[in-house]
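Below is one structure, written out as structure tokens, with a few remarks after it.
Number of protein chains: 4
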Amino acid sequence: MDFNLSPELTELQARIRRFVADEVIPLERDPRCGAHGPDEALREELIGRARRAGLLSPHVAPAYGGLGLSHFGRSIAFEEAGYSLLGPVALNVFAPDEGNMHLLEEVATPAQKEQWLRPLAAGEIRSCFCMTEPAPGAGSDPSMLQTTATPDGDDYVISGRKWFITGADGARLAIIMAMVPGVGATMFLSDMAAPGIVLERNMDTLDRCFPGGHGVVRFDGLRVPASAILGELGQGFRYAQVRLSPARLTHCMRWLGAARRAHDIATDYARQRQAFGQAIGRHEGVGFMLADNEMDLHVSRLTILHCASVLDAGHLALHESSRAKVIVSEAVWRVADRCVQILGGQGTTSETAVARIFADMRAFRIYDGPSEVHRWSLAKHILRGVKPHAAAGGHA
Amino acid sequence: MDFNLSPELTELQARIRRFVADEVIPLERDPRCGAHGPDEALREELIGRARRAGLLSPHVAPAYGGLGLSHFGRSIAFEEAGYSLLGPVALNVFAPDEGNMHLLEEVATPAQKEQWLRPLAAGEIRSCFCMTEPAPGAGSDPSMLQTTATPDGDDYVISGRKWFITGADGARLAIIMAMVPGVGATMFLSDMAAPGIVLERNMDTLDRCFPGGHGVVRFDGLRVPASAILGELGQGFRYAQVRLSPARLTHCMRWLGAARRAHDIATDYARQRQAFGQAIGRHEGVGFMLADNEMDLHVSRLTILHCASVLDAGHLALHESSRAKVIVSEAVWRVADRCVQILGGQGTTSETAVARIFADMRAFRIYDGPSEVHRWSLAKHILRGVKPHAAAGGHA
Amino acid sequence: MDFNLSPELTELQARIRRFVADEVIPLERDPRCGAHGPDEALREELIGRARRAGLLSPHVAPAYGGLGLSHFGRSIAFEEAGYSLLGPVALNVFAPDEGNMHLLEEVATPAQKEQWLRPLAAGEIRSCFCMTEPAPGAGSDPSMLQTTATPDGDDYVISGRKWFITGADGARLAIIMAMVPGVGATMFLSDMAAPGIVLERNMDTLDRCFPGGHGVVRFDGLRVPASAILGELGQGFRYAQVRLSPARLTHCMRWLGAARRAHDIATDYARQRQAFGQAIGRHEGVGFMLADNEMDLHVSRLTILHCASVLDAGHLALHESSRAKVIVSEAVWRVADRCVQILGGQGTTSETAVARIFADMRAFRIYDGPSEVHRWSLAKHILRGVKPHAAAGGHA
Amino acid sequence: MDFNLSPELTELQARIRRFVADEVIPLERDPRCGAHGPDEALREELIGRARRAGLLSPHVAPAYGGLGLSHFGRSIAFEEAGYSLLGPVALNVFAPDEGNMHLLEEVATPAQKEQWLRPLAAGEIRSCFCMTEPAPGAGSDPSMLQTTATPDGDDYVISGRKWFITGADGARLAIIMAMVPGVGATMFLSDMAAPGIVLERNMDTLDRCFPGGHGVVRFDGLRVPASAILGELGQGFRYAQVRLSPARLTHCMRWLGAARRAHDIATDYARQRQAFGQAIGRHEGVGFMLADNEMDLHVSRLTILHCASVLDAGHLALHESSRAKVIVSEAVWRVADRCVQILGGQGTTSETAVARIFADMRAFRIYDGPSEVHRWSLAKHILRGVKPHAAAGGHA
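Just so you know, the sequences run in chain order A, B, C and D.
According to full-length UniProt numbering, the stretch in the first sequence is residues 1 to 396, in order.
According to full-length UniProt numbering, the stretch in the second sequence is residues 1 to 396, in order.
According to full-length UniProt numbering, the stretch in the third sequence is residues 1 to 396, in order.
According to full-length UniProt numbering, the stretch in the fourth sequence is residues 1 to 396, in order.
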């Protein structure tokens, strides 16, 4: 076992750190950051900067314009990107596009990759992942899927309703999960401009960092050809899992960066702000919060790196990524909450980035499975005697 | 000891509960609820409804148009008002006006009461309390007060800068804490329209429930006559304490109502939403959160009622109200956080009132003293052997 | 509502406080306190002292030699008794005898009362309550009861095995829960010396405060007459509930006293012990623990007093006592744990009473239902819309 | 970075696991495990078994009979040893001897090593580390050292009083921290049988796993030659740090093993014990505790391995080991507490190893610095901008 980074990753880490500091953070107060995330003009400016810095889509294979980073490498890069809420947008590693690119790379046909992965990786278009449904449809329990894709000649006709569809507004590509009667859940690709796709409305949410916000999307007899099937018929849930473990973990990476940012801001404040005769950080009530922050950041990072190693060893890592999701989402939340507290009144305002990180982060404890669903799943594994992976082999 | 309510309070409780349900909650989605709280038109409509229902300013003496409720009675009434974030606005018991009226009633001269208390109690005007200052001024540590009031003939000339001044935008009355050199901290009353008061800007904060939001106010040689002194010269910190204990506690009352609302919404959802084969509330992961909510609400209510009784017995209750602030602000926050979690994705949206309660409530753990300052103060009392009051006497 | 004690209770509180300080605490290091609790000689000495002080069996009706305290009065008295782990033994209000006396008073025939309640109330004999069984029998889930009582002529023949039978070793009376085939769970009274009762062994447990420790008891064809039935045939579970709510609550009362003791010891230590330049209590890391202790003690006390009032109003209070059990058992445990931490190394030794309180208290989170069973039960009530009682009526 | 074990360590891990299962656990109920830890006869039997298995003193250099494990290797080995509370005794890696051997290896002269390290590594003798003093002496704050070593000709005369001296009863070697006036804190080696060393008494503590328990030791004019100085005069505090970081971490390793044992026992129980219609582990209230256990064990292990890597890279690792101490001691404590809770009543008895692990582990949150001292120290580092090490370089 070895806890050191390769020289290449160390160098990439430093480069992204500088890029975020110099090129991204100055844009955080740009008025184009709206209630539904950065608008397209701002996104294009950010993408342009990352392209010039050679940092665009680092998770995608070089053949499609990326840096071909392993999961481990992504852990390093995405934490740095997450240091600004705009960083993942700039590097083109924000959700859901980053996970969608990963899925396309794993499952799509060469033609589908040319059509969708290439422009996605170049940051030219955005995408959305249409899975979650309003009650009584698929939420934490995907088996409750209500949207159907009915064969009709060589086509499929898709009907149903989805919500919490991140990035729907402005997306060009939709990946749609639907039930093919008698066959099973299946994924389809469609242009969002196709007739039969209606963006009913954008939802009003606490968070603001996702380009396009979160929409309600209706499929009103959307007709797609068989060539729009992603992978194989009936394999929708399996592909969801292929997408899910890495996607959960990349959320962890990005939010770790955001939490580290909040901690840095709170630390500076605790050094400078005086109260009751000394810098507030010298009061144990504040100093202990800083110490707890550092510990939470440390275990989050170790957990992410470990899970990434398991993924890199070729495992599906459902157990490990569930575990990482709970550990990290709860730890970084504690960090963000403590930083608000340390900053006092200012922690609840836009005077610093902390309030925005805090509000945006809350949803992270819910999406890609709330802690409760993961704990339930972990418990089932434990009771069955399943041992999680160390990394390439054995268990720990 | 007796845990029953009088028939009068039981009846008042029921009346406010109906009023909030029928007259206030329907206005929650009114577009006049903006980023800086309900606007004046909406406030006037709410005030009008409460006036017609005979529920306006229940904490103020009947001579000034209120119901003359004791602190205990306020505990019952304000919890009910807090069930909607607009409820305290309607009943004219929102912060800082409610505490300001209390302070005026305790300390102001008859003439000052006529001038300011009477229209405040009628809901005709609003007020603000100008105490908190940007660094290096007075925050959690009030002794760092920087704003000065310099005698000049029979007048005082006030200079300084304040922020987090809730309700400044639109307020008619300002209560200003300033240091009179050689004399000590002193409170002054001023019309906000007076020359020398500048509202620099409104702050961008997580919360939205306070009419007028939170402003940055500058005093640029504001001239006030000696008759504008509230109470006595040099007694500013003492009056701040007179205001503080009850004001802390009324925050607790209102937020308890808001937390109960969130819990009711989450309970309904947990009954109806199905996942993994049953209503989600039947899963212990959710059911236990409901149980914890009920326990947190219960201890919050008992703690408030106890502290109110100590205040009603004539004690200053600094220890008891510090204790209540920490217990209640942390307990109701846990409730709000759990309710977001139970609602899943919807908990982070405006589909229900929960997300708004959650975001607005975060600041409650900070204002009127963060938990850390209260714990520090409680510790000092404990080490000195100070025993908190049972109620009218003895200790418990 | 009123948070003051009557003069009578205030006086009783003071009397017990003095008695415990003067007559009980000096015996805590008596070598007759062994691994299985105080032995009979020590118990008799303690009982004698309480008798002379007029404080024996305060919960029992005067007709049987007690003070006839209400549940509310017991809350005051038992907290004071619990200030020493030997205090409940002295006042004859330790478990399970205190709950057994309560049950006999509620359910037993006059003859049974003369035979068993009178000598129990006088402290002349001890009793045990034989309900819990080894797997696969009745534990947290009483419906799994395996012990049977088979009718045989006018008698019943009882067979089965029980464990965690507190006080079995040395008890004169056994109250036995057994299943009468075709009829239901039923309670029986028996002399422990009867043939067919075997005390297999005493269990080795973390706690040491219960006279007689905890035993494993086997019923090997124990023959009892119909007159040994406690109350009515088939009503065993109902009587268990009659016993349960108050018994749960009296545990809370006694452990609250123990936690207050630990807090007092830790506070003294925090005042005196110096480290890093000042008394350790002046370090916020320690001072905040003292503040948290006080808050936990405060909400525990309020919760107990509230639940006692509901019981005194004639309600069964299953919901309220479940809630109180969770709130208090978890709060006082936090107090005990913090006190160990404050005392540092000494907290883990017999240098003070804290280590003993800590180790003994751990089981309190389990007996009379672990927190998990109570949370589950509370959740079911909440989902069904059951409102807990305020006190005599209404809800809060 | 790489999370895999070398084949050699994987093999050693498996060997120790089997050894503990086959040779150590069967002795856990041996009556020679007393209130002050395993007695000498039992210790010798355990040592003999480990010697025959080739597993004795794996942390010591081969030249002195050990396996020469790195800190990283110790992490693997000591966790396995800790799976039984007797395992560290068997492998001769229990505290304080393991840390004392490490210190001697780092600092002692060749002659001192021959005299003391060799027989210690062979398990022939035991040792103690005499540092902690009763108030007002050195506890968490070592600068309060009261014991003095006054030069007298070529000798030093040591006077003072120490307590919590683990293993004093039965130890042959004492390492003594004393203040040489005008020079500074200095360490001395002495035979415990020397005149002037008095074992006043053994302390009565919650734990039972340390051979010899914890003693109060008085130095009554103990005379030692200059050759008894360990290392250099006045370097006592520096050597304490050399000993401290690794010693803190080996505690973490051993207790991680013990926590894993408790978790395994609780998991088995949760699979088998039925209540309310299913195995209790299927109830989320229990299942979630198992999930939390696994997460706590996981982050503990990662944190230990990381810190060990920093030590192996040659750093003093005071920051990293403080952090590891807090993270691990609190995490494994939560695990032990949950396991007691899952086992219900049995968790508080000697029916399983859990109650013993629970009671013994409590002190781990205190010795080698309570969490509060470490959080304070971490906060100071953070405020000064100190970055902890990744491993061989850089920071993470």
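All C-beta atoms, glycine included, are put in the ideal place defined by N, C-alpha and C.
So what's residue 125 of chain D in DSSP terms, helix, strand or just coil?
-> What you label residue 125 of chain D is simply residue 125 of the fourth sequence in a count that begins at 1. Three-state DSSP puts residue 125 of chain D in coil, outside helix and strand.
Look at the alpha carbon of residue 172 of chain B and the alpha carbon of residue 328 of chain B, and state the distance between them as a whole number of angstroms.
-> Position 172 of the second sequence, counted from the first residue, corresponds to residue 172 of chain B. Position 328 of the second sequence, counted from the first residue, corresponds to residue 328 of chain B. Residue 172 of chain B and residue 328 of chain B: Cα-Cα distance of roughly 32 angstroms.
For residue 151 of chain A, the three-state DSSP class (helix, strand or coil) | Indexing the first sequence from 1 puts residue 151 of chain A at position 151. Note: residue 151 of chain A maps to strand in three-state DSSP.
Coil, strand or helix - residue 109 of chain D by DSSP = Working through the fourth sequence from its first residue, we reach residue 109 of chain D at position 109. It is coil, neither helix nor strand.
Pull up the distance between the alpha-carbon of residue 191 of chain C and that of residue 230 of chain C, whole angstroms please.
-> By 1-based counting over the third sequence, the position of residue 191 of chain C is 191. By 1-based counting over the third sequence, the position of residue 230 of chain C is 230. Straight-line Cα distance between these residues: approximately 13 angstroms.
Have a look at residue 158 of chain A and residue 216 of chain A and give me their C-alpha separation to the nearest angstrom.
-> Residue 158 of chain A sits at position 158 when you count from the first residue of the first sequence. Residue 216 of chain A sits at position 216 when you count from the first residue of the first sequence. If you take the alpha carbons of residue 158 of chain A and residue 216 of chain A, they lie about 16 angstroms apart.
Identified DSSP bridge partners for residue 156 of chain A = The count along the first sequence starts at 1 and reaches residue 156 of chain A at position 156. DSSP lists A:151, A:224 as partners of residue 156 of chain A.
Taking residue 267 of chain C as the query, report the chain B residues whose CB atoms sit under 8 angstroms from its CB, ordered along the chain.
-> Numbered from its first residue, the third sequence carries residue 267 of chain C at position 267. Chain B residues near residue 267 of chain C: 382, 383.
Report the residue from B:214, B:66, B:150, B:322 whose alpha carbon sits nearest the alpha carbon of residue 345 of chain A.
-> Here residue 345 of chain A corresponds to residue number 345 of the first sequence, with the count starting at 1. Residue 345 of chain A has its Cα closest to that of B:214, out of B:214, B:66, B:150, B:322.
Inter-residue spacing [alpha-carbon to alpha-carbon] between residue 98 of chain C and residue 255 of chain C | Residue mapping note: residue 98 of chain C aligns to position 98 of the third sequence, counting from 1. Residue mapping note: residue 255 of chain C aligns to position 255 of the third sequence, counting from 1. Computed Cα separation, rounded: 14 angstroms.
Proximity test, Cβ basis, 7 angstroms: residue 234 of chain D and chain C = Looking up residue 234 of chain D in the fourth sequence gives position 234. No - not a single Cβ of chain C is within 7 angstroms of the one on residue 234 of chain D.
Where residue 88 of chain A falls: helix, strand or coil (DSSP) = To locate residue 88 of chain A, count along the first sequence from 1; it is residue 88. DSSP places residue 88 of chain A in helix when its eight states are reduced to three.
Taking C-beta pairs closer than 8 angstroms, name the residues in chain B that residue 295 of chain C reaches, listed in chain order.
-> Counting from 1 along the third sequence, the entry for residue 295 of chain C is found at position 295. Those are 323, 326, 327, 378, listed as they occur along chain B.
Going by DSSP, which residues form a beta bridge with residue 252 of chain B?
-> Stepping through the second sequence from its first residue, residue 252 of chain B is reached at position 252. Per DSSP, none; premise fails for residue 252 of chain B.
Answer with yes or no whether the minimum CB distance from residue 344 of chain A to chain C is below 7 angstroms.
-> Locating residue 344 of chain A in the first sequence gives position 344, where the first residue counts as 1. Not one chain C Cβ lies under 7 angstroms of residue 344 of chain A.
Proximal chain D residues relative to residue 341 of chain C, where beta-carbon distance stays under 9 angstroms | Taking the third sequence and counting its residues from 1, the one referred to as residue 341 of chain C is at position 341. In chain order: 365, 366, 370, 371, 372.
Buried or exposed for residue 198 of chain C, please, with buried defined as at least 16 other CB atoms from any protein chain shown within 10 angstroms of its CB.
-> Here residue 198 of chain C corresponds to residue number 198 of the third sequence, with the count starting at 1. So residue 198 of chain C ends up on the exposed side.
How is the alpha helix (DSSP H) around residue 82 of chain C delimited, first residue to last?
-> As a working mapping, residue 82 of chain C is identified with position 82 in the third sequence. Taken as a continuous stretch (DSSP letters only), the alpha helix (DSSP H) holding residue 82 of chain C covers 71 to 82.
Within-7 angstroms CB hit, residue 360 of chain A to chain B | Within the first sequence, the letter at position 360 stands for residue 360 of chain A. Residue 360 of chain A does not count as touching chain B.
Closest Cα partner of residue 58 of chain D within the set D:68, D:52, D:51, D:64 | Taking the fourth sequence and counting its residues from 1, the one referred to as residue 58 of chain D is at position 58. That would be D:68, whose Cα lies nearest to the Cα of residue 58 of chain D.
Under a three-way DSSP split, which group does residue 164 of chain D fall into?
-> Locating residue 164 of chain D in the fourth sequence gives position 164, counting from the first residue. DSSP places residue 164 of chain D in strand when its eight states are reduced to three.
What does a CB cutoff of less than 8 angstroms around residue 118 of chain B pick up in its chain, not counting 5 residues either side in sequence?
-> Within the second sequence, residue 118 of chain B is the residue found at index 118, counting from 1. Only 64, 65 meet the Cβ criterion.
In terms of DSSP beta bridges, what is residue 25 of chain B paired with?
-> The residue you call residue 25 of chain B lines up with position 25 of the second sequence. Per DSSP, none; premise fails for residue 25 of chain B.
For residue 282 of chain A, name the three-state secondary structure that DSSP assigns.
-> For this step, residue 282 of chain A is matched to residue 282 along the first sequence. Reduced to three states, the DSSP call for residue 282 of chain A is helix.
Tell me whether residue 292 of chain A is buried or exposed, calling it buried when 16 or more other Cβ atoms sit within 10 Å of its Cβ.
-> Residue mapping note: residue 292 of chain A aligns to position 292 of the first sequence, counting from 1. Burial call: buried.
Using three-state DSSP, classify residue 192 of chain C as helix, strand or coil.
-> In the third sequence, residue 192 of chain C corresponds to position 192, counting from 1. In this structure, residue 192 of chain C counts as coil in the three-state DSSP scheme.
Interface partners of residue 203 of chain A on chain B, CB under 7 angstroms | By one-based count along the first sequence, residue 203 of chain A stands at place 203. Chain B residues near residue 203 of chain A: 349.
Do the segment 355 to 374 of chain A and the segment 287 to 307 of chain A meet, that is, are 3 or more Cβ pairs less than 8 angstroms apart?
-> no
Contiguous alpha helix (DSSP H) assignments of at least 4 residues, all confined to the segment 263 to 337 of chain C = 284 to 312
Counted within 10 angstroms of its Cβ, other Cβ atoms place residue 35 of chain A as buried (16 or more) or exposed = The sequence position of residue 35 of chain A within the first sequence is 35, counting from 1. Counting Cβ neighbours within 10 Å, residue 35 of chain A comes out exposed, since fewer than 16 surround it.
Name the DSSP bridge partner or partners of residue 179 of chain B?
-> Numbered from its first residue, the second sequence carries residue 179 of chain B at position 179. B:148, B:185, per the DSSP bridge assignment.
Residue 287 of chain B touches chain C at which residues, Cβ-Cβ below 9 angstroms?
-> Start at 1 with the first residue of the second sequence, and residue 287 of chain B comes out as number 287. The contacting residues are 375, 376, 378, 379, 380, 382, 383.
Examine chain A for any beta-carbon lying closer than 7 angstroms to the beta-carbon of residue 281 of chain D, and answer yes or no.
-> By 1-based counting over the fourth sequence, the position of residue 281 of chain D is 281. At least one chain A Cβ lies under 7 angstroms of residue 281 of chain D.
Please name the residue in D:381, D:302, D:290 whose C-alpha comes closest to that of residue 382 of chain A.
-> As a first step, residue 382 of chain A is located in the first sequence; it is residue number 382 there, counting from the start. Looking at the Cα atoms, D:290 is the closest of the given residues.
Just the C-alpha distance for residue 115 of chain D and residue 206 of chain D, rounded to the nearest angstrom, thanks.
-> The count along the fourth sequence starts at 1 and reaches residue 115 of chain D at position 115. The count along the fourth sequence starts at 1 and reaches residue 206 of chain D at position 206. Those two C-alpha atoms are separated by around 34 angstroms.
Is DSSP giving residue 386 of chain A helix, strand or coil here?
-> Indexing the first sequence from 1 puts residue 386 of chain A at position 386. Coil at residue 386 of chain A, not helix or strand.
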